[in-house]
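Asker: For the sequence shown, our numbering assigns the number 271 to the initial residue and increments by one for each residue that follows. Got a structure for you, questions after.
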Amino acid sequence: MTSRGEAGGGRLIDDRYFLTERLGSGAMGTVWAGFDRRVGREVAVKEAFVRTDLDDATHRARVERVLREAKAAARAAHG
271 MTSRGEAGGG RLIDDRYFLT ERLGSGAMGT VWAGFDRRVG REVAVKEAFV
321 RTDLDDATHR ARVERVLREA KAAARAAHG
């Protein structure tokens, strides 16, 4: 993971998520602190890296992993 607070915040995604601070980065992506403008609360946003050198099965497995992580994080936040 990289250190907190690196430059790159200030982006708006899908006219909804405003990224405020880079929290860290790993092998599969970067995690940002942000604000969900639709519901008015702080969120964490994972920006997944897209690799073009993977075969279809590996790519699908990675997409499924990111989706599982997102669902688990949403359950934890609402549980």
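Every residue gets a Cβ at the ideal spot worked out from N, C-alpha and C, and that includes glycine.
1) In angstroms with no decimal places, state the Cα-to-Cα distance between Glu291 and Leu282.
2) Is it right to say Val315 is buried, meaning 16 or more other beta carbons lie within 10 angstroms of its own, or is it exposed?
3) If distances are taken between C-alpha atoms only, which option among His329, Asp325, Phe305 and Val320 comes closest to Asp284?
4) Measure from the alpha carbon of Ala343 to the alpha carbon of each residue in Gly296, Gly280, Val313 and His329, then state which is nearest.
5) Note down, in chain order, each residue of its chain lying with its Cβ closer than 7 Å to the Cβ of Arg330, except the 5 sequence neighbours on either side.
Answerer: By the coordinates alone:
1) 12 Å
2) buried
3) Phe305
4) Val313
5) none
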